[in-house]
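Have a look at the structure below, then the notes.
Protein chains: 2
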Amino acid sequence: MTGRTDRLALSLVVEPGDPRVDRLLQSQEPGRVLATIRRGGSEVPPAWRERSVDVEDRVVVATARARTHGLRWVTPGSREWPAALDDLAHVEPVHDAGGAPLGLWVKGAGRLDGLSERSVAVVGARDCTAYGAEVASEISADAADAGVTVISGAAFGIDAAAHRGALALGRPTVAVLACGTDLDYPKAHAALLSRIVEDGLVVSEQPPGQVPTKSRFLSRNRLIAGLAGGTVVVEAAQRSGSLNTLRWADALGRASMAVPGPVSSQQSAGTHRAVREGKAVLVTQGRDVLAELAGLGLVAEPLPGGAGTEFDRLPAEARLVLDTLTWSIAATPAEVASRARLARRETARALALLQRRGLAVPSDTGWFLARRADLA
Amino acid sequence: MTGRTDRLALSLVVEPGDPRVDRLLQSQEPGRVLATIRRGGSEVPPAWRERSVDVEDRVVVATARARTHGLRWVTPGSREWPAALDDLAHVEPVHDAGGAPLGLWVKGAGRLDGLSERSVAVVGARDCTAYGAEVASEISADAADAGVTVISGAAFGIDAAAHRGALALGRPTVAVLACGTDLDYPKAHAALLSRIVEDGLVVSEQPPGQVPTKSRFLSRNRLIAGLAGGTVVVEAAQRSGSLNTLRWADALGRASMAVPGPVSSQQSAGTHRAVREGKAVLVTQGRDVLAELAGLGLVAEPLPGGAGTEFDRLPAEARLVLDTLTWSIAATPAEVASRARLARRETARALALLQRRGLAVPSDTGWFLARRADLA
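Residue numbers (my numbering), protein chains in the order written: chain A, -16 to 359; chain B, -16 to 359.
Next comes the structure, spelled out in structure tokens:
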């Protein structure tokens, strides 16, 4: 058995994501850990020992199943292995899940290292609101458009909206599952998952055929956070699992971000709380997300400045004029001049400049402030 | 002339809120400053000198007008003077407004020092959304209910909703105007303002008869922030004046707070930005606001803990059971037991406990998580 196969065998004997395995691997080679388990002993959990008895058969079955479904086994040392995942070995377990994965079952045309290098996880509530789904899609589309891979969990709700936001722009996306990557979970997302593997990836630390359980969702969350440069939670109720992903992102020193919503929405209670408690930065749009990733050096180029910066770059007269304009009520040049306390000629010059910069819009009845949509 | 009258006279000669006045007062008595202005000289703005010529007449007119409208002139040294306002003398001017006021024209049955001692400003957009108005009223009602005075600007939109939230509970509220307190501004709020003075206050640094201008709104904002223990902005577009109030609160070391909303709403763009840039703490409800005020020692008693704390205080079984319940889908005790991996008897005991604590609600079809409204 090579290290690769030892890791595969080990993943069929222990529960992937069990932090005890990672601890053992920090002092022993995978083959040695496996041998220890097979020998048994008081410190070896009986379930591990039990499954190790017929581990060779298990490896044969898993490998055959993987071949049938076009899965590959990516391990530390593989060229496709994302180094970012190794950070998981240095973070305290949460909810009995932790450690770097033994390896990942990967399905799809993408390359895991390349796709995850500039990436962001967009996750959230299964029973999201229409508002949440729309924001998730928009943020994901913006990220994808900037060449950032969207990673999510392929679940109903926010996850699906996130994948679809990227796919709508024809950009690859990565789905990390809590079950074997040969299974379509949830079933209703079979078409979504087969679209994802066309140029993206479906990924799991669970062996082929493994079904999802509550604890596997929790350990899956650490992989989403570990693969991505940052995690955005779009909607989450107070105890949502996506807050667990956010916690992992925070523990890993990745960008942890949350989208606000109406305070009356239970689905935003978790994101508001995360922001309030300083566990996440508030983000409202793709540009905010990209700015956070840029702050961690994950997006190379500096981003176009926010409205404030643009405002500050304007000449003083233009700033005075801009301050008098509104979205909703037209102002004649004379009104603008009087409000800005500028001469008519200065006002006209400033309005022309603001129009060129796309900040002011003339109409039959007067001038308006350009809406954000006009600015985009 | 006494210091009180000198201050009154001075407020009729200079523009109240002009930071140059405050600077002069830091080295000279009000009477001396007035004498300097009357003497004229290169350093005295011509407009001040001009108005100082007939200052005695101005004082007579203002005093008569104040008497007619039942206004009183409250100055530093008056028993009713809120010491908190003196902090304004130590903060850099913003937008050409700054300094402690020369005095305040006060109208109403309340006492300014007592009402402002435990207080919070709730301000925001004039053209607010129905969502914003509702949140402003709710937060204000919660604050008022906890004995905290709601201070606002009596403007359309958020301000009016804030005052009304307090008045609906029969609690006094304070309106700070940008014009003389003898004027009803806006006109449409005449009834609101006369309701406010019944047991609260209408306050302004502007002399009787003075009309509001853009710069007076800006200098008024510093008084709102200066009187209140903290400022909550409920809705604000990117350049809303209420962000200016927030900036004052922040500069004064008071609690600066902002309410989130849908990211698609322009009226929440300013609050989101303030939170994102660390200029405000995110708050979603009265309890959050009270917690911030408590953090500054403005609300005496410790507040009831958030959901997290309450959760942590539950026995382990109850926590497991609570985690299986949802707002929307009923679960039978058998389902709960299976999901929580507990025995039926343990489950029944935990459900009963959760019901007693108001955290779980039984129905004909099974158990639900109690909604926040049920918890209140």
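Ideal Cβ positions, reconstructed from N, Cα and C, are used throughout, including at glycine.
| query | Whole-angstrom Cβ separation of residue 157 (chain B) and residue 134 (chain B), contact assumed at under 8 Å? | reply | Counting from 1 along the second sequence, the entry for residue 157 (chain B) is found at position 174. Counting from 1 along the second sequence, the entry for residue 134 (chain B) is found at position 151. Yes, they are in contact, since the Cβ atoms of residue 157 (chain B) and residue 134 (chain B) sit about 5 Å apart, within 8 Å.
| In chain A, which residues lie less than 8 Å from residue 361 (chain B) when you measure between Cβ atoms? | Lying outside -16 to 359, the shown extent of chain B, residue 361 (chain B) is not represented and no answer is given.
| Which residues, in chain order, does the segment 221 to 249 of chain B contribute to contact with chain A at a C-beta distance below 8 Å? | Those would be 221, 222, 242, 243, 244, 245, 246, 247, 249, in chain order.
| Quick one: is residue 322 (chain B) near chain A, going by C-beta distance under 9 Å? | Residue numbering aside, residue 322 (chain B) sits at position 339 when the second sequence is read from its first letter. Chain A, which has a Cβ nearer than 9 Å to the Cβ of residue 322 (chain B), makes this yes.
| query | What are the uninterrupted segments assigned as beta strand (DSSP E) that are 3 or more residues long and contained completely in the segment 70 to 97 of chain A, given in chain order? | reply | Counting only runs of 3 or more, we get 87 to 90.
| task | Report the residue from B:274, B:258, B:269, B:262 whose alpha carbon sits nearest the alpha carbon of residue 267 (chain A). | result | Within the first sequence, numbered from 1, the residue matching residue 267 (chain A) stands at position 284. Ranking B:274, B:258, B:269, B:262 by Cα distance to residue 267 (chain A) puts B:258 first.
| query | If you draw a straight line from the C-alpha of residue 147 (chain A) to the C-alpha of residue 141 (chain A), how long is it? | reply | Translated into positions along the first sequence, residue 147 (chain A) becomes position 164. Translated into positions along the first sequence, residue 141 (chain A) becomes position 158. Cα-Cα distance, rounded: 10 Å.
| query | Three-state secondary structure (DSSP) at residue 31 (chain A)? | reply | Position 48 of the first sequence, counted from the start, is the residue given in the question as residue 31 (chain A). Note: residue 31 (chain A) maps to helix in three-state DSSP.
| query | Nearest chain B C-beta to residue 282 (chain A) closer than 9 Å, yes or no? | reply | Within the first sequence, numbered from 1, the residue matching residue 282 (chain A) stands at position 299. It does not; no Cβ of chain B falls within 9 Å.
| said: Please list the terminal residues of the continuous beta strand (DSSP E) segment that includes residue 200 (chain B). | reply: On the second sequence, residue 200 (chain B) is found 217 positions in, with the first residue counted as 1. From DSSP, residue 200 (chain B) is part of no beta strand (DSSP E) but of the alpha helix (DSSP H) over 197 to 210.
| task | Select from A:260, A:247, A:245, A:193 the residue whose C-alpha is nearest the C-alpha of residue 226 (chain A). | result | Residue mapping note: residue 226 (chain A) aligns to position 243 of the first sequence, counting from 1. Nearest option by C-alpha distance: A:260.
| query | How long is the line joining the alpha carbons of residue 249 (chain A) and residue 234 (chain A), rounded to whole angstroms? | reply | As a working mapping, residue 249 (chain A) is identified with position 266 in the first sequence. As a working mapping, residue 234 (chain A) is identified with position 251 in the first sequence. If you draw a straight line from the Cα of residue 249 (chain A) to the Cα of residue 234 (chain A), it is about 25 Å long.
| task | State the Cα-Cα distance for the pair residue 292 (chain A) and residue -9 (chain B), rounded to the nearest angstrom. | result | Here residue 292 (chain A) is taken as the residue at index 309 of the first sequence, counted from 1. Here residue -9 (chain B) is taken as the residue at index 8 of the second sequence, counted from 1. For residue 292 (chain A), the predicted model reports a pLDDT of 49, less than 50, meaning its position is unreliable; a value from the coordinates is still stated below. In a straight line, the C-alpha of residue 292 (chain A) is about 42 Å away from that of residue -9 (chain B).
| request: Assign residue 90 (chain A) to buried or exposed, taking buried as 16 or more other Cβ atoms, counted over all protein chains shown, within 10 Å of its Cβ. | output: If you number the first sequence from 1, residue 90 (chain A) lands on position 107. Counting Cβ neighbours within 10 Å, residue 90 (chain A) comes out buried, since at least 16 surround it.
| message | Applying the 10 Å Cβ sphere with the 16-neighbour rule, what's the burial state of residue 350 (chain B)? | response | Along the second sequence, read from residue 1 onward, the residue named residue 350 (chain B) stands at position 367. Under this definition residue 350 (chain B) is a buried residue.
| field | Length-filtered (3 minimum) beta strand (DSSP E) runs lying within the segment -5 to 66 of chain A | value | Qualifying beta strand (DSSP E) stretches, in chain order: 55 to 57.
| task | Evaluate the contact criterion for the segment 178 to 185 of chain B versus the segment 86 to 102 of chain B: three or more CB pairs, one atom per stretch, below 8 Å. | result | The segment 178 to 185 of chain B, when compared against the segment 86 to 102 of chain B, does touch it at the 8 Å Cβ threshold.
| task | Give the DSSP-derived three-state secondary structure of residue 413 (chain B) in the structure shown. | result | The structure shown does not extend to residue 413 (chain B), since chain B is modelled only from -16 to 359, so the question has no answer here.
| message | Just to make sure I have the definition right: I need the residues of chain B whose C-beta is within less than 8 Å of the C-beta of residue 414 (chain A). Which are they? | response | Examination of residue 414 (chain A) is not possible in this model, given that chain A is present from -16 through 359 alone.
| task | Just the chain B side, please: which residues come within less than 7 Å of residue 16 (chain A) by C-beta, in chain order? | result | Residue 16 (chain A) sits at position 33 when you count from the first residue of the first sequence. For residue 16 (chain A), there are no C-beta contacts with chain B under 7 Å, since the nearest C-beta of that chain is about 28 Å from it.
| field | Proximal residues, the segment 250 to 265 of chain B versus chain A, C-beta separation under 9 Å | value | Residues of the segment 250 to 265 of chain B whose Cβ lies closer than 9 Å to any Cβ of chain A, in chain order: 251, 252, 254, 255, 256, 258, 259, 260, 264, 265.
| message | Can you tell me where the beta strand (DSSP E) holding residue 184 (chain B) begins and where it ends? | response | On the second sequence, position 201 is the one that residue 184 (chain B) refers to. Here the beta strand (DSSP E) through residue 184 (chain B) covers 184 to 187.
| If you drop the 5 nearest sequence neighbours on each side, which residues of the same chain put their C-beta closer than 7 Å to that of residue 307 (chain B)? | Here residue 307 (chain B) is taken as the residue at index 324 of the second sequence, counted from 1. Counting only Cβ-Cβ distances below 7 Å, and skipping sequence neighbours, we find 314, 319, 322, 323.
| query | Using DSSP with H/G/I as helix, E/B as strand and the rest coil, what is residue 307 (chain B)? | reply | By one-based count along the second sequence, residue 307 (chain B) stands at place 324. In the structure shown, residue 307 (chain B) adopts helical secondary structure according to DSSP, grouped into three states.
| query | Can you find a CB in chain A that lies within less than 9 Å of the CB of residue 267 (chain B)? | reply | The residue you call residue 267 (chain B) lines up with position 284 of the second sequence. Against chain A, the CB of residue 267 (chain B) has a partner CB under 9 Å away; the residue lies at that interface.
| message | Within 10 Å of its beta-carbon, does residue 29 (chain B) have 16 or more other beta-carbons around it, so buried, or fewer, so exposed? | response | Within the second sequence, the letter at position 46 stands for residue 29 (chain B). So residue 29 (chain B) ends up on the exposed side.
| message | Does residue 352 (chain B) come out as helix, strand or coil in the three-state DSSP assignment? | response | As a first step, residue 352 (chain B) must be located in the second sequence, where it is residue number 369. Residue 352 (chain B): strand per DSSP, three-state reduction.
| request: Anything in chain A within Cβ reach of residue 118 (chain B), meaning under 9 Å, just list it in chain order. | output: Counting from 1 along the second sequence, the entry for residue 118 (chain B) is found at position 135. Chain A residues near residue 118 (chain B): 245, 246, 247.
| said: If contacts are defined as beta-carbon pairs under 8 Å, then residue 2 (chain B) and residue 65 (chain B) qualify, I think. What distance do you get, rounded to the angstrom? | reply: The sequence position of residue 2 (chain B) within the second sequence is 19, counting from 1. The sequence position of residue 65 (chain B) within the second sequence is 82, counting from 1. Not confirmed; about 20 Å, so no contact.
| request: Can you pull the chain A residues whose beta carbon is under 7 Å from the beta carbon of residue 125 (chain B), in chain order? | output: On the second sequence, residue 125 (chain B) is found 142 positions in, with the first residue counted as 1. Chain A residues near residue 125 (chain B): none, gap ~12 Å exceeds 7 Å.
| task | Return no unless some Cβ of chain A is closer than 9 Å to the Cβ of residue 341 (chain B). | result | The sequence position of residue 341 (chain B) within the second sequence is 358, counting from 1. It does not: the Cβ of residue 341 (chain B) has no partner Cβ on chain A nearer than 9 Å.
| How many Å lie between residue -11 (chain A) and residue 17 (chain A) at the Cα? | Taking the first sequence and counting its residues from 1, one reaches residue -11 (chain A) at position 6. Taking the first sequence and counting its residues from 1, one reaches residue 17 (chain A) at position 34. C-alpha separation (whole angstroms): 7 Å.
| said: Assuming contact is defined by CB atoms lying nearer than 9 Å, are residue 192 (chain B) and residue 163 (chain B) in contact in what I supplied? | reply: Locating residue 192 (chain B) in the second sequence gives position 209, counting from the first residue. Locating residue 163 (chain B) in the second sequence gives position 180, counting from the first residue. The beta carbons of residue 192 (chain B) and residue 163 (chain B) sit closer together than 9 Å.
| task | Throw me the rounded Cβ distance for the residue 125 (chain A) and residue 270 (chain A) pair, which I believe falls under 8 Å. | result | Taking the first residue of the first sequence as 1, we reach residue 125 (chain A) at position 142. Taking the first residue of the first sequence as 1, we reach residue 270 (chain A) at position 287. Right, the Cβ-Cβ distance comes to about 7 Å (below 8 Å), so this counts as a contact.
| said: Using C-beta distances below 8 Å, list every residue in its chain close to residue 243 (chain A), excluding the 5 sequence neighbours before and after it, in chain order. | reply: As a working note, residue 243 (chain A) is residue 260 in the first sequence. Counting only residues of its own chain and dropping the five nearest sequence neighbours on each side, residue 243 (chain A) has a CB closer than 8 Å to the CB of 251, 254, 255, 258, 265, 267.
| request: Let me know if residue 12 (chain A) comes out buried or exposed under the rule of 16 or more other beta-carbons within 10 Å of its beta-carbon. | output: Sequence index remark: in the first sequence, residue 12 (chain A) carries index 29 (1-based). Result: exposed.
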